[in-house]
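**Student:** For reference, the structure I am asking about is given below.
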Amino acid sequence: MDNLANKIKQYRTTKGLTQAGLAEKLSISRKTVSSWENGRSFPNFSTIIQLSKVFGIKVDDLLKNDNKVIEHFNKQDKQVKRDKTILKVCYYLNIFLLTLSYIHMFKPFGFHNSLIPLSLIGNMIIFFSQYSNWKFFKKREQLNRLIVVFFLFLVLNSTTMIFNVNFQKTLIPGDAIVILGSSSGEFTLILFITISVTLAVCFRPAIND
Numbered sequence: 001m002d003n004l005a006n007k008i009k010q011y012r013t014t015k016g017l018t019q020a021g022l023a024e025k026l027s028i029s030r031k032t033v034s035s036w037e038n039g040r041s042f043p044n045f046s047t048i049i050q051l052s053k054v055f056g057i058k059v060d061d062l063l064k065n066d067n068k069v070i071e072h073f074n075k076q077d078k079q080v081k082r083d084k085t086i087l088k089v090c091y092y093l094n095i096f097l098l099t100l101s102y103i104h105m106f107k108p109f110g111f112h113n114s115l116i117p118l119s120l121i122g123n124m125i126i127f128f129s130q131y132s133n134w135k136f137f138k139k140r141e142q143l144n145r146l147i148v149v150f151f152l153f154l155v156l157n158s159t160t161m162i163f164n165v166n167f168q169k170t171l172i173p174g175d176a177i178v179i180l181g182s183s184s185g186e187f188t189l190i191l192f193i194t195i196s197v198t199l200a201v202c203f204r205p206a207i208n209d
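Here full-length UniProt numbering is used: position 185 in the sequence shown is 185, and no number is missing along the way.
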């Protein structure tokens with residue numbers, strides 16, 4: 001009984017549990033337990049801790065003498081650290097690009113660069129593609145905060161269309177197509193800026209959780 005697959009099977013049978021019974025205790029599928037016992041996959045570390053509690057043993061008893069599993073967790077740990085680094089870089093880059101996007105929207109001194117909103121969108125895509133801690137927002141308090149922040153800033157940002165002199169200059173009286181096009185473009189920019197603000201306000205504690 002020198003590898004994790006055999007240990008899980010042995011401890012399970014010693015406890016008189018079927019694969020389905022163990023799966024129920026861990027809130028997973030029976031196929032997942034079967035996959036572990038066949039060596040096709042490994043449980044994550046939090047599940048290893050749960051297994052040790054179910055079996056009444058130490059975590060070391062499951063992991064010792066199995067270099068393959070230890071190597072797997074080392075790789076997993078490196079990947080988690082790499083993902084966190086990417087998230088933090090994208091988070092702070094988002095704040096920088098958000099600031100530039102507000103400047104781009106109001107165009108002070110004629111400052112205007114279409115690459116800024118595109119960079120903002122690209123950075124957010126990378127952030128959300130790497131982000132995995134969505135359980136953070138299963139908490140009602142955090143989810144409500146996310147919704148309130150998004151709609152609050154959407155309204156506030158939308159009012160800038162009224163006071164933005166440079167935007168008003170793009171509207172040609174009597175030309176409905178130009179007005180519709182300019183308004184749609186401005187609102188799209190505002191929408192992405194609002195998502196960016198929401199990311200900045202609500203996701204900082206989530207990436208550190």
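Every residue, glycine too, gets a C-beta built ideally from N, C-alpha and C.
1. What are the boundary residues of the alpha helix (DSSP H) that includes Thr159?
2. Decide if Ala5 is buried, meaning its Cβ has at least 16 other Cβ atoms within 10 Å, or exposed.
3. For a quick check, are the C-beta atoms of Phe128 and Thr194 less than 9 Å apart?
4. May I ask which residues mark the beginning and end of the alpha helix (DSSP H) holding Thr13?
5. Looking only at its chain, what residues have a beta carbon closer than 8 Å to the beta carbon of Ser34, apart from the 5 residues adjacent to it on each side?
6. Run the CB neighbour count on Phe203, radius 10 Å, all protein chains shown included, and call it buried at 16 or more, exposed below.
7. How far does the alpha helix (DSSP H) with Trp36 in it extend, from its first residue to its last?
8. Any contact between the stretch 36-47 and the stretch 67-85? By contact I mean 3 or more CB pairs, one from each, below 8 Å.
9. Assign Asn94 to buried or exposed, taking buried as 16 or more other Cβ atoms, counted over all protein chains shown, within 10 Å of its Cβ.
10. So, is Glu141 buried or exposed, given that buried needs 16 or more other C-beta atoms within 10 angstroms?
11. Please classify Tyr11 as buried or exposed, where buried requires at least 16 other C-beta atoms within 10 Å of its C-beta.
12. Can you list, in chain order, the residues of its chain with a C-beta nearer than 8 Å to that of residue 270? Leave out the 5 residues immediately preceding and following it.
13. Hey, how far is the Cα of Lys81 from the Cα of Tyr91?
14. Does DSSP put Val93 in a helix, a strand or coil?
15. Assign His112 to one of two classes, buried (16 or more other C-beta atoms within 10 Å of its C-beta) or exposed (fewer than that).
16. Return the residue from the list Ile177, Ser196, Ser158, Phe163 that minimises the CA-CA distance to Phe187.
17. Taking the straight line between their C-alpha atoms, what separation do you get for Met1 and Arg145?
18. Is DSSP giving Met1 helix, strand or coil here?
19. Whose C-beta lies closer than 6 Å to the C-beta of Thr198 among residues of the same chain, with five residues either side of it excluded?
**Tutor:** According to the structure shown:
1. Run containing Thr159: none; DSSP gives neither H nor E here.
2. buried
3. no
4. 4-14
5. Gln19
6. buried
7. 30-37
8. yes
9. buried
10. exposed
11. buried
12. No answer is possible for residue 270: it lies beyond the span of the chain, which begins at 1 and ends at 209.
13. 15 Å
14. The question names Val, yet the displayed sequence has Leu at residue 93. Note: Leu93 maps to helix in three-state DSSP.
15. exposed
16. Ser158
17. Any reading at Met1 needs caution, since the residue's pLDDT is 48, under 50, leaving its predicted position unreliable; the model's value is listed next. Cα to Cα, Met1 sits roughly 50 Å from Arg145.
18. Because Met1 sits at a pLDDT of 48, beneath the cut-off of 50, its placement in the model cannot be relied upon, and the following sentence gives the value as read from the coordinates. In the structure shown, Met1 sits in coil (DSSP, three-state: anything other than H, G, I, E or B).
19. Val149, Phe150
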